[in-house]
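Residue numbers (our numbering), protein chains in the order written: chain A, 4 to 227; chain B, 2 to 295. From the three backbone atoms N, C-alpha and C, an ideal C-beta is built for every residue, glycine too. Keep in mind that this is a model prediction, so the values were computed, not measured.
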Amino acid sequence: MVKEMKYRSVFDIIGPVMIGPSSSHTAGAARIGRAARHLFGREPKYANVHLYGSFAKTYKGHGTDVAIIGGLLDYDTYDERIRDALKTARKNGMKVRFYEEEAHTDHPNTARLKIGDDDGELELVGISIGGGKAEITELNGFELRLSGSHPAILLIHNDRYGAIASSTAILAKHEINIGRMEVSRKAQGEQALMVIEVDQNIGDSVLSELERADHITQVAKISD
Amino acid sequence: MFRNVAELVELAESENIQISEVMIRQEMEVKELTREQVYDHMEKNLEVMEKAIEDGLKGVKSHSGLTGGDAVLIQNYMKNHTPLSGNLLMDAVSKAVATNEVNAAMGTICATPTAGSAGCVPGTLFAVKNQLNPTRDQMVRYLFTSGAFGFVVANNASISGAAGGCQAEVGSAAGMAAAAIVEMAGGTPSQSAEAMAITLKNMLGLICDPVAGLVEVPCVKRNAMGASNAVVAADMALAGVTSRIPCDEVIDAMYKVGQRMPSAFRETAQGGLAATPTGRELEAKVYGISLKKE
Numbered sequence: 004m005v006k007e008m009k010y011r012s013v014f015d016i017i018g019p020v021m022i023g024p025s026s027s028h029t030a031g032a033a034r035i036g037r038a039a040r041h042l043f044g045r046e047p048k049y050a051n052v053h054l055y056g057s058f059a060k061t062y063k064g065h066g067t068d069v070a071i072i073g074g075l076l077d078y079d080t081y082d083e084r085i086r087d088a089l090k091t092a093r094k095n096g097m098k099v100r101f102y103e104e105e106a107h108t109d110h111p112n113t114a115r116l117k118i119g120d121d122d123g124e125l126e127l128v129g130i131s132i133g134g135g136k137a138e139i140t141e142l143n144g145f146e147l148r149l150s151g152s153h154p155a156i157l158l159i160h161n162d163r164y165g166a167i168a169s170s171t172a173i174l175a176k177h178e179i180n181i182g183r184m185e186v187s188r189k190a191q192g193e194q195a196l197m198v199i200e201v202d203q204n205i206g207d208s209v210l211s212e213l214e215r216a217d218h219i220t221q222v223a224k225i226s227d
Numbered sequence: 002m003f004r005n006v007a008e009l010v011e012l013a014e015s016e017n018i019q020i021s022e023v024m025i026r027q028e029m030e031v032k033e034l035t036r037e038q039v040y041d042h043m044e045k046n047l048e049v050m051e052k053a054i055e056d057g058l059k060g061v062k063s064h065s066g067l068t069g070g071d072a073v074l075i076q077n078y079m080k081n082h083t084p085l086s087g088n089l090l091m092d093a094v095s096k097a098v099a100t101n102e103v104n105a106a107m108g109t110i111c112a113t114p115t116a117g118s119a120g121c122v123p124g125t126l127f128a129v130k131n132q133l134n135p136t137r138d139q140m141v142r143y144l145f146t147s148g149a150f151g152f153v154v155a156n157n158a159s160i161s162g163a164a165g166g167c168q169a170e171v172g173s174a175a176g177m178a179a180a181a182i183v184e185m186a187g188g189t190p191s192q193s194a195e196a197m198a199i200t201l202k203n204m205l206g207l208i209c210d211p212v213a214g215l216v217e218v219p220c221v222k223r224n225a226m227g228a229s230n231a232v233v234a235a236d237m238a239l240a241g242v243t244s245r246i247p248c249d250e251v252i253d254a255m256y257k258v259g260q261r262m263p264s265a266f267r268e269t270a271q272g273g274l275a276a277t278p279t280g281r282e283l284e285a286k287v288y289g290i291s292l293k294k295e
């Protein structure tokens with residue numbers, strides 16, 4: 004068989020531990036929200052959530068809305084506070100809006116999140132592929148493809164020489180092996196995005212070292 | 002990494018170890034974790050399953066009101082009658098139902114392999130437990146064995162109702178459970194594979210047709226059926242019955258049936274029970290109520 008091994012851990016099958024009712028519509032949705040939260044780096048003041056396909060049609064019954072906002076509050080799939088996420092967000096002053104989109108997307112369970120505050124904004128597209136696994140397919144207009152089966156580092160940087168070399172040198176110094184790497188940019192010399200999938204988990208000290216590297220403007224980690 | 006059931010069984014038999022041990026060793030290698038880390042993670046999942054069953058047997062109700070309370074009815078019936086299908090089977094059914102009722106009520110569960118099919122593996126485990134009196138270690142191993150077979154299905158076919166219909170969700174979950182029962186009862190790795198094959202064969206073609214798109218009707222009762230199917234298939238395999246079609250070919254057949262299944266039968270709430278007059282009525286009621294609440 005030559006198929007790609009999408010699932011690599013027994014805990015993809017026996018797990019995740021989660022608040023019901025749906026691994027794809029609830030747990031996967033929470034993971035999309037949490038990825039956005041980690042990339043943004045703080046709790047946003049507003050969140051505009053656009054839901055597509057099956058997400059748009061059944062989100063209320065599955066608690067997809069509650070789960071995404073729970074993720075934005077940094078709750079994991081099993082965090083019981085997910086149930087009250089909408090109330091908590093309101094209490095924290097987060098303005099939340101949901102849009103049921105009619106447009107057809109490649110994947111049936113797709114969400115586009117626009118979150119931000121006075122200091123910045125982030126736009127992310129996530130898909131929930133089944134059994135609680137989620138993938139981020141777009142970030143601030145950059146298309147990306149994360150396998151989801153390895154921890155990944157996302158680096159937003161200026162499109163200058165040396166940006167890539169300085170980042171990979173830091174990883175090499177910490178003996179972190181790179182499994183896959185992708186660089187994309189909107190236009191020459193402008194903002195660019197580096198996606199690095201690694202074999203082991205990355206500590207906070209490595210992340211802050213990356214943040215200080217030449218031409219790097221923002222760093223975030225996605226664990227599997 | 003084992004890629005199919007044949008390789009999994011071969012690995013276990015050539016090294017003279019259980020399927021669960023093959024899975025534990027692979028997880029340690031792939032994730033670069035110690036045996037204790039891998040084992041402890043699974044033990045925590047076991048605790049979640051146990052708690053979910055306890056909660057479900059106390060009686061829960063889903064937000065939509067479509068499901069809840071059946072696990073209690075079955076347990077009460079068992080106290081006052083001898084179930085025609087036997088105590089162990091009905092116990093498995095009630096515990097599978099309990100798990101999925103908790104899931105529908107937004108309780109905490111462990112997806113096995115999905116939330117919608119979360120009842121089969123723990124339901125059978127905590128019923129078979131009363132007869133086989135396993136150690137805690139054997140109970141944790143039950144989950145690794147289930148996981149090993151689910152791992153093969155997920156990578157070679159699908160465990161998602163949206164992709165492959167209910168056969169891919171409850172079908173896979175039931176097959177995983179059957180294989181694990183066999184190991185716990187002292188069967189061989191190849192008997193586990195036979196039990197998985199027999200179970201999945203009997204669930205081929207099962208569509209995913211949830212009323213109002215919710216993981217409730219018929220999902221909760223499909224888990225009851227998945228659990229019973231697993232127990233029966235495990236008994237057959239332990240008796241020495243084999244599947245004429247090898248397990249990997251059954252998994253492949255399930256995958257191909259799923260690919261050719263119309264989208265109306267793949268978690269879109271457009272066909273099957275979801276499209277019956279009563280199914281539509283319930284759907285209107287569920288969303289009518291939640292719309293008014295806005």
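Chain-order list of residues whose beta-carbon lies under 6 Å from that of residue i (same chain, five-residue window excluded)
i, result
"A:E200", "H153, A155, G182 and R183"
"B:C209", "G162, G166, C167, R267 and E268"
"B:V218", "L67 and V212"
"A:V222", "L158, L210, L213 and E214"
"A:L196", "F145, I159 and S187"
Neighbourhood of residue i by C-beta distance below 7 Å, restricted to the same chain and skipping five residues each side
i, result
"B:N104", "I110, A116, A119 and V216"
"B:I54", "K96, A99, T100, P123 and F127"
"B:S159", "G165, A169, Y256 and G259"
"B:T243", "E195"
"B:E44", "V141"
C-alpha gap between residue i and residue j, whole angstroms
i, j, result
"B:R137", "B:T277", "45 Å"
"B:E11", "A:G66", "43 Å"
"A:F58", "A:R100", "15 Å"
"B:A175", "B:A196", "10 Å"
"A:M4", "B:R4", "Caution is warranted here: a pLDDT of 41 is assigned to A:M4, below 50, making its placement in the model unreliable, and the coordinate value is therefore given only provisionally. Taking the straight line from one Cα to the other gives about 8 Å."
"A:Y62", "A:E103", "9 Å"
"B:S65", "B:A112", "21 Å"
"B:N134", "B:A234", "20 Å"
"A:T29", "B:P114", "14 Å"
"A:G18", "A:R163", "42 Å"
"A:R37", "B:G188", "43 Å"
"B:L300", "A:R148", "Here chain B has residues from 2 to 295 only, and residue 300 of chain B is not among them."
"A:Q194", "A:D217", "14 Å"
"A:D109", "B:A225", "34 Å"
"A:A166", "A:P111", "36 Å"
"B:S264", "A:H177", "48 Å"
"B:K293", "B:M91", "Bear in mind that the predicted position of B:K293 carries a pLDDT of just 42, short of 50, making it too unreliable to give a figure here."
"A:D202", "A:N180", "6 Å"
"B:G151", "A:D207", "34 Å"
"B:E33", "A:I205", "14 Å"
"A:V13", "A:A92", "34 Å"
"B:G241", "B:S193", "11 Å"
"B:G280", "A:S131", "26 Å"
The ligand ADP heavy atom lying under 8 Å from the CB of residue i
i, result
"B:Y256", "Among the components of this structure there are no ligands whatsoever, and the ligand ADP is therefore not found."
8 Å Cβ shell around residue i - same chain, five flanking residues per side excluded
i, result
"B:M296", "This structure leaves residue 296 of chain B out entirely; chain B is present only between 2 and 295."
"B:P190", "L9, V10, A13, E14, Q19, I20 and E184"
"A:N95", "E46 and L76"
"A:L89", "D68, V69, I72 and V99"
(request) Note down, in chain order, all residues in the region 8-23 of chain A with a beta-carbon under 9 Å from any beta-carbon belonging to chain B. (result) M8, K9, Y10, R11, S12, V13, F14, D15, I16, I17, G18, P19, V20, M21, I22 and G23
(message) Which residues of the region 82-93 of chain A have a Cβ closer than 9 Å to any Cβ of chain B? Give them in chain order.
(response) E83, I85 and R86
(request) Please determine if the region 58-76 of chain B and the region 30-39 of chain B are in contact, where contact requires at least 3 C-beta pairs separated by less than 8 Å. (result) no
(request) Taking a Cβ distance cut-off of 8 Å, strictly less, list which residues of the region 55-69 of chain A are near chain B, in chain order. (result) S57, K60, T61, K63, G64, H65 and G66
(message) Residues of the region 26-49 of chain A in Cβ contact with chain B at a cutoff of 9 Å, in chain order, please.
(response) S26, S27, H28, T29 and A30
(message) Runs of 3 residues minimum, wholly inside the region 201-243 of chain B: which ones carry the beta strand (DSSP E) assignment?
(response) none
(message) Give the list of continuous alpha helix (DSSP H) stretches no shorter than 4 residues that lie fully inside the region 22-52 of chain A.
(response) 31-43
(message) When you compare the region 11-31 of chain B with the region 138-155 of chain B, are there three or more beta-carbon pairs, one atom per stretch, that lie closer than 8 Å?
(response) yes
(request) Using a Cβ-Cβ cut-off of less than 7 Å, list which residues of the region 177-202 of chain A approach chain B; keep chain order. (result) none
(message) Tell me which residues of the region 114-129 of chain A have at least one Cβ-Cβ distance to chain B shorter than 8 Å, keeping chain order.
(response) none
(message) At 4 residues or longer, what runs of the alpha helix (DSSP H) sit wholly inside the region 142-198 of chain A?
(response) 166-176
(request) Return the chain-ordered ranges of every alpha helix (DSSP H) run that is complete within the region 96-130 of chain A and spans a minimum of 4 residues. (result) none
(request) Taking only beta carbons into account, state which residues of the region 52-68 of chain B come closer than 7 Å to chain A, listed in chain order. (result) S65
(message) Quick check on the DSSP output: what are the complete alpha helix (DSSP H) runs of length 4 or more inside the region 48-96 of chain B, in order along the chain?
(response) 71-81
(message) What are the residues in the region 144-168 of chain A lying within 8 Å of chain B by C-beta distance?
(response) none
(message) Closer than 7 Å between beta carbons: that is the criterion. Which residues of the region 22-53 of chain B meet it against chain A?
(response) M24, E28, V31, K32, E33, H42, M43, N46 and V49
(message) To be precise: take each residue of the region 71-82 of chain A, compare its Cβ to all Cβ atoms of chain B, and keep it if any distance is under 7 Å. Which residues remain?
(response) Y81
(request) Could you run through the region 114-139 of chain B and flag, in chain order, every residue whose CB is less than 7 Å away from some CB of chain A? (result) P114, T115, A116 and G117
(message) Give the list of continuous alpha helix (DSSP H) stretches no shorter than 4 residues that lie fully inside the region 108-174 of chain B.
(response) 121-133, 137-157 and 162-165
(request) Please name the residues in the region 139-156 of chain B whose beta-carbon is closer than 8 Å to at least one beta-carbon of chain A, in chain order. (result) L144, F145, S147, G148, A149, G151, F152, A155 and N156
(request) Taking only beta carbons into account, state which residues of the region 182-206 of chain B come closer than 7 Å to chain A, listed in chain order. (result) none
(message) Tell me which residues of the region 241-253 of chain B have at least one Cβ-Cβ distance to chain A shorter than 8 Å, keeping chain order.
(response) none
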